[in-house]
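Chemist:
There are 2 protein chains.
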Amino acid sequence: MNPEKLSVIRQLIFSHIQMSEEEWNNWSRMFEIKVFTKNEVLLKPGDICKSIYFVNSGLLRLFFVDKDGEEHSFHFSMENTFAADYESFLKKSASDYGIQALENTQVICISHKMLDQGYAYLKEGQKLGRILAENYFFLFSNKIKSYYTESPLERYQSLEKFFPGILQRIPQHYIASYLNISSVHLSRLKNA
Amino acid sequence: MNPEKLSVIRQLIFSHIQMSEEEWNNWSRMFEIKVFTKNEVLLKPGDICKSIYFVNSGLLRLFFVDKDGEEHSFHFSMENTFAADYESFLKKSASDYGIQALENTQVICISHKMLDQGYAYLKEGQKLGRILAENYFFLFSNKIKSYYTESPLERYQSLEKFFPGILQRIPQHYIASYLNISSVHLSRLKNA
């Protein structure tokens, strides 16, 4: 595998744990690179999430479907961030979320086997798992706080603040769905 | 310390990781038992959360305050569950949540120092931290799913289903706040 494709994830992992070059070489061999085309669905709600995806380039949308069959956009994963139904992945249970590519997207896939081997053989594998889970937790915790404390306009502005340029890359109806408002309401917000 | 007070948390920890009696004896010595009286505030929003609390008996309410000064009940921690602003605890940052005792409550406190020592000296300390973070993540993930997919009535029924008897122990206005509906709306739900 072209090591350049792993350079960002390598840097991220090495910023969190100590790992020898030998450990890295043995373990990173298990990464898999996949490419998805715009609009392709990586994970269907109801399937087991078999990979954690790290976005090398492109953009993913996480969504779920409510009982009335309506889709709700829940999160957008930009370059150099992760995407998964992490609960489905960890528990090997049916996923609640779906994941769709909003652009042609290149991802690095981390499989169950790879995570298990990391726990078993990397000196600081458990620590890496802890930090991954903690960061997932921070992400969700912040989402909950924003639901309670921010208006749709503030949540719209937060999206742009944390991921500059993202609003130009996402179709408007997905942004409206993310904010839990109608497309008409979103247009009014943007014009105000 | 009376070992009986630690029996449930001990059992919980031993269900997740391997630990020798010697490790347990050295580490568990650092647990601290505290008692809070009904309505007492354990953590004020804005303070750093200095403990993870494990509820031995009683009931805690987690809440936060929005920019208009309005309190939102966010979670209720029953016997044998944890309570903390886990993000504030891990990052040593100002907490967004507050924690209040809704009944006279006995908690086991886990300090930063105790967690750090656990990571450093327990053979499976990092694994324990990973599992704790994963379970926090599952809790928050389920809350988000329920916001998107469940009606207030379904969320009311879920509370009772997951924590039988809890609805009788919480003042109505806190339940209404948890469901993000008015007290009048809650009365209508209960009568329907």
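Residue numbers (our numbering), protein chains in the order written: chain A, 1 to 192; chain B, 193 to 384.
Every residue, glycine too, gets a C-beta built ideally from N, C-alpha and C.
Because the structure is a prediction, the values reported are computed rather than measured.
B/G357 by DSSP, collapsed to three states: which one?
Modeler: In the displayed model, B/G357 falls within coil according to three-state DSSP, outside both helix and strand.
Chemist: Unbroken alpha helix (DSSP H) runs of length 4 or more, entirely within the segment 280-338 of chain B: which are they?
Modeler: 304-313
Chemist: Of all the options A/I175, A/S51, A/F138, A/E134, which has the alpha carbon lying nearest to the alpha carbon of A/S88?
Modeler: Closest by alpha carbon: A/S51.
Chemist: What are the boundary residues of the alpha helix (DSSP H) that B/N383 is part of?
Modeler: Its alpha helix (DSSP H) spans residues 375-383.
Chemist: If you compare alpha carbons, which of A/Q106, A/K161, A/K127 is closest to A/E6?
Modeler: Looking at the sequence itself, residue 6 of chain A is Leu, so the reference to Glu does not match. Cα-wise, what sits closest to A/L6 is A/Q106.
Chemist: Is the distance from the Cβ of B/I291 to the Cβ of B/L254 below 7 Å?
Modeler: yes
Chemist: Would you tell me roughly how many angstroms separate the C-alpha atoms of B/D288 and A/Y147, rounded to the nearest one?
Modeler: 13 Å
Chemist: In angstroms, rounded to a whole number, what distance separates the CA positions of A/H16 and A/S141?
Modeler: 21 Å
Chemist: Please list, in chain order, the residues of the segment 45-71 of chain A that have any C-beta partner in chain B closer than 9 Å.
Modeler: For the segment 45-71 of chain A, residues whose beta-carbon sits nearer than 9 Å to a beta-carbon of chain B comprise F64, V65, D66, K67.
Chemist: Would you say A/G165 faces chain B, with C-beta separation under 7 Å as the test?
Modeler: no
Chemist: Run down chain A in chain order and give the residues with a C-beta less than 8 Å from the C-beta of B/K337.
Modeler: F64, D96
Chemist: Which residues does DSSP list as the beta-bridge partners of B/Y245?
Modeler: B/A275, B/C301
Chemist: Determine the contact status of A/R130 and B/Q309, defining contact as a CB-CB distance below 7 Å.
Modeler: no
Chemist: Spell out a yes or no on whether the segment 211-225 of chain B and the segment 258-272 of chain B are touching, meaning 3 or more CB-CB pairs, one atom from each, closer than 8 Å.
Modeler: no
Chemist: Tell me whether A/R61 sits in a helix, a strand or coil according to DSSP, three-state version.
Modeler: strand
Chemist: To the nearest angstrom, report how far apart A/S93 and A/N191 are at their CA atoms.
Modeler: Straight-line measurement puts the Cα of A/N191 at about 43 Å from the Cα of A/S93.
Chemist: Can you name, in chain order, every residue of its own chain whose Cβ lies under 6 Å from the Cβ of A/S177, other than the five neighbours on each side?
Modeler: H72, S73.
Chemist: Going straight from the alpha carbon of A/N104 to that of A/G165, what length do you get?
Modeler: About 17 Å.
Chemist: When you compare the CB of B/T341 with every CB in chain A, is at least one pair closer than 7 Å?
Modeler: Chain A contact via Cβ: present.
Chemist: Considering only C-alpha positions, which residue in the set B/T273, B/I240, B/E346 is nearest to B/L252?
Modeler: Considering only alpha carbons, the answer is B/T273.
Chemist: Determine which residues of the segment 304-332 of chain B have a Cβ less than 7 Å from any Cβ of chain A, and write them out in chain order.
Modeler: So the list reads Q318, K319, G321, R322, A325, E326, Y328, F329, F330, F332, given in the order they occur along the chain.
Chemist: Let's see if you can read the secondary structure: which residues bound the alpha helix (DSSP H) around B/I201?
Modeler: 199-208
Chemist: With DSSP collapsed to three states, give me the class of A/S158.
Modeler: Three-state result, A/S158: helix.
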